[in-house]
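Chemist:
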Amino acid sequence: MRTELEDLHRAEWTRIVASLARVFRSLDIAEEATQEAFAAALERWPKEGTPERPAAWLHTVARNRATDRVRRESTRSPRQEAAQELLRARASADLPDTGAVADDRLRLVFTCCHPALAPDARIALTLRLVAGLSTSEIARAFLVSDATLAQRLVRAKRKIATAQIPYRVPASHELTDRLEGVLRVIYLVFREGYSPSGGEDIVRVDLCEEAIRLARLVVELLPDEGEAVGLLALLLLHHSRHRARLDEAGELVLLANQDRRTWDHDLIAEGAGLAVESLRRGRRSMALQAAIAAAHATADSPSSVPWARIAGLYRELAILDPSPAVRLSGAVARGEAEGPAAGLREV
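This is the structure we're talking about:
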C-alpha cells in the first residue's frame, strides 16, 4: 500500500497542487489540502481498500479539504470577503484561462519563478511544489538544515500572498524577462530526477519526464527562443540514455561503458535536431550544452566521440560560464582530444 501511494504521490502531487492553486489562488491551501488527501489515503485505504480510481479519489478529497478550509476562514471576519471570493471561484466549473497556455503545472512554475522572489527561494519552492520533493530532500540539496529550508519556503509563499503575485503564465510581453529563471528551475527538476539528492532511487524517471514536458510547453510558448529550444534538446539527449544508466544490480554505468543499442534513438534524433536549431539562434549556454550532449549521443562508439569539437564547445561555454565544473569538463575533453598532458595543463 505504501509503495502504491508513493507512486501516486510522484504522479499526482504536482497535478493536485497546481489544480488547487489555480482554483483557490493560495499555495498554502493547495499544499496543505494535498498533504491531507495523501494522509487520508494512508489511513483509510488499508482498511477500506484502494478506490477504483485512486487518482480521482485523491483529487476529490484534496479539493474538499481545501473547500472546508476556506469555509472555516470565512467565519473569521477579517478574512471573510477573501474567503467568500475563493468559494465563488471554487464553484465555477469553467474558470477562464490566463496567459498563453492552459496548463496548471506550467502556471505553477511561473508563479514559483516570479522575479519578486529571491533566486534560492524560487528554486526551493519549485522543487517542493512542482517536483514534490520533501523539505528534507531540498535541504540536503541546498546544504542547509530542514528548519532553515522550511522557513525559506514559508517566506516565499508569504511573499506570493502579500505581493499578490498572480497565478498565471505571464502575458507575451513579460515572458522573455522571466525565461531564464524558468529554464533554470526546469533544468533543476530534471537534474533531481537524473541524479536524486535523497531517497533510495538512483534515477527518478518521473521527474525527468515532467521536466521534459514542461520544457516542451515553454518551447510552444516561445518557439523563437533559442535557449528554450536548447534546454529541451539537452534534456531529450540526456534522457535518451536512461535505460542504459543502470546495470542489472542497479548500479550506475559510466557513459563510455553503456550499451548504446539501448539508447532511445528517436529521442537522440529529435534532440540533435533541436540542438542544431538552437545553435543557429545564438551560441548561448543551453545551446552549447545541447551541442555537447548531441556530440556524445550521436557518436557510434566511445572511440568515435568528436573530442576536438567538444573541447571547442567547452571553450565557448567557459566564456559564458567560467565555473569550475565547466572548466574541468573542458579540460577532460581537451585531454581526450590532444592527450593527457594537454588536459593536465588545463587542470
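Sequential numbering of the sequence shown, starting at 3, is according to our numbering.
We treat Cβ as the ideally placed atom computed from N, Cα and C, and that holds for glycine.
1. Can you have a look at D9 and say buried or exposed, based on whether 16 or more other CB atoms are within 10 angstroms of its CB?
2. Mind reading off the beta-carbon distance from A133 to L209? Whole number of angstroms is fine, and I expect it under 8 Å.
3. Would DSSP call L135 helix, strand or coil?
4. Following the continuous alpha helix (DSSP H) through V307, name the residue where it begins and the one where it ends.
5. Where do the ends of the alpha helix (DSSP H) carrying C115 lie?
6. Three or more beta-carbon pairs under 8 Å between the stretch 127-145 and the stretch 176-196, yes or no?
7. Mapping DSSP to helix, strand and coil, what is L22?
8. Return the residue from the list G284, L257, V146, G252 that minimises the CA-CA distance to S242.
9. Could you have a look at L177 and say whether DSSP puts it in helix, strand or coil?
10. Use the C-beta contact count for K159: other C-beta atoms within 10 angstroms, 16 or more gives buried, fewer gives exposed.
11. Please report the distance separating the alpha-carbon of D268 from that of R218.
12. What does a CB cutoff of less than 6 Å around R206 pick up in its chain, not counting 5 residues either side in sequence?
13. Can you tell me where the alpha helix (DSSP H) holding P56 begins and where it ends?
14. On the criterion of 16 or more Cβ atoms from any shown chain inside 10 Å, does A230 qualify as buried, or is it exposed?
15. Tell me the DSSP secondary structure of L281 in three-state form.
16. With a 10 Å radius around its C-beta and 16 neighbouring C-beta atoms as the bar for buried, classify E14 as buried or exposed.
17. Looking at the structure shown, is L254 part of a helix, part of a strand, or coil, going by DSSP?
18. Using DSSP with H/G/I as helix, E/B as strand and the rest coil, what is V103?
19. Candidates R282, Q260, N259: which alpha carbon is nearest E227's?
20. Taking the C-alpha atoms as reference points, what is the distance between L29 and L155?
21. Pair every Cβ in the stretch 321-338 with every Cβ in the stretch 257-266, then say whether three or more of these pairs are closer than 8 Å.
22. For T300, which residues from the same chain have a beta carbon less than 8 Å from its beta carbon, with the 5 sequence-adjacent residues on both sides left out?
23. Beta carbon of V207: closer than 6 Å to some heavy atom of the ligand ADP?
24. Leaving aside the five residues before and after A313 along the sequence, list all residues of the same chain whose C-beta is less than 6 Å from its C-beta, in chain order.
25. Below 8 Å on the Cβ atoms is my contact criterion, and I expect Y316 with S331 to pass it. Report the Cβ-Cβ distance as a whole number of Å.
26. Using CA coordinates, which residue listed in I18, V72, R107, Y169 is at the minimum distance from E212?
27. For L135, does the count of other Cβ atoms within 10 angstroms reach 16, so buried, or fall short, so exposed?
28. Which residues does DSSP pair with L248 in a beta bridge?
29. Are the beta-carbon atoms of A277 and A235 separated by less than 7 Å?
30. Report yes if the CB atom of V255 is closer than 7 Å to the CB atom of R245, and no otherwise.
Modeler: Looking at the coordinates:
1. In the sequence shown, residue 9 corresponds to position 7, counting from 1. Burial call: exposed.
2. For the purposes of this step, residue 133 is identified with residue 131 of the sequence shown, where counting begins at 1. For the purposes of this step, residue 209 is identified with residue 207 of the sequence shown, where counting begins at 1. Confirmed, Cβ separation roughly 6 Å.
3. Counted from its first residue, the sequence shown places residue 135 at position 133. Looking at L135 - three-state DSSP - the assignment turns out to be coil, as it is neither helix nor strand.
4. Along the sequence shown, read from residue 1 onward, the residue named residue 307 stands at position 305. Neither: V307 is in no alpha helix (DSSP H) and is coded neither H nor E.
5. Locating residue 115 in the sequence shown gives position 113, counting from the first residue. Element bounds for C115: n/a, residue is neither H nor E.
6. At 8 Å Cβ cutoff, the stretches touch.
7. The residue you call residue 22 lines up with position 20 of the sequence shown. Correct three-state label for L22: helix.
8. As a working mapping, residue 242 is identified with position 240 in the sequence shown. The shortest Cα separation from S242 among G284, L257, V146, G252 belongs to L257.
9. For the purposes of this step, residue 177 is taken as the residue at position 175 of the sequence shown. Looking at L177 - three-state DSSP - the assignment turns out to be helix.
10. As a working mapping, residue 159 is identified with position 157 in the sequence shown. Classification of K159: buried, given that the 10 Å Cβ count is 16 or more.
11. Stepping through the sequence shown from its first residue, residue 268 is reached at position 266. Stepping through the sequence shown from its first residue, residue 218 is reached at position 216. D268 and R218: Cα-Cα distance of roughly 16 Å.
12. Counted from its first residue, the sequence shown places residue 206 at position 204. Around R206: G195, P198.
13. Numbered from its first residue, the sequence shown carries residue 56 at position 54. Following the DSSP letters along the chain, one finds P56 inside the alpha helix (DSSP H) bounded by residues 56-75.
14. Along the sequence shown, read from residue 1 onward, the residue named residue 230 stands at position 228. With 16 or more other Cβ atoms within 10 Å, it is buried.
15. As a first step, residue 281 is located in the sequence shown; it is residue number 279 there, counting from the start. If DSSP states are grouped into helix, strand and coil, L281 belongs with the helices.
16. In the sequence shown, residue 14 corresponds to position 12, counting from 1. Here E14 is buried. Its C-beta has 16 or more other C-beta atoms within 10 Å.
17. On the sequence shown, residue 254 is found 252 positions in, with the first residue counted as 1. Three-state result, L254: strand.
18. Position 101 of the sequence shown holds residue 103. Because V103 sits at a pLDDT of 43, beneath the cut-off of 50, its placement in the model cannot be relied upon, and the following sentence gives the value as read from the coordinates. In the structure shown, V103 sits in coil (DSSP, three-state: anything other than H, G, I, E or B).
19. Taking the first residue of the sequence shown as position 1, residue 227 is located at position 225. E227 has its Cα closest to that of R282, out of R282, Q260, N259.
20. Position 27 of the sequence shown, counting from 1, holds the residue named residue 29. Position 153 of the sequence shown, counting from 1, holds the residue named residue 155. In a straight line, the C-alpha of L29 is about 11 Å away from that of L155.
21. no
22. Position 298 of the sequence shown, counted from the first residue, corresponds to residue 300. If we look at T300 and ignore the five residues flanking it on each side, its Cβ neighbours are I270, A274.
23. This structure lacks the ligand ADP, and indeed carries no ligand of any kind.
24. Walking along the sequence shown from the start, residue 313 turns up at place 311. Same-chain partners within the cutoff: A335, R336, A339.
25. The residue you call residue 316 lines up with position 314 of the sequence shown. The residue you call residue 331 lines up with position 329 of the sequence shown. Confirmed, about 6 Å.
26. The residue you call residue 212 lines up with position 210 of the sequence shown. With distances taken between Cα atoms, E212 lies closest to R107.
27. Within the sequence shown, numbered from 1, the residue matching residue 135 stands at position 133. Burial state of L135 is buried, judged by a 10 Å Cβ sphere holding 16 or more other Cβ atoms.
28. Taking the first residue of the sequence shown as 1, we reach residue 248 at position 246. Partner(s): L254.
29. Your numbering for residue 277 matches position 275 in the sequence shown. Your numbering for residue 235 matches position 233 in the sequence shown. Yes, Cβ-Cβ distance for A277 and A235 is below 7 Å.
30. If you number the sequence shown from 1, residue 255 lands on position 253. If you number the sequence shown from 1, residue 245 lands on position 243. No, the pair does not count as a contact, with Cβ atoms beyond the cut-off.
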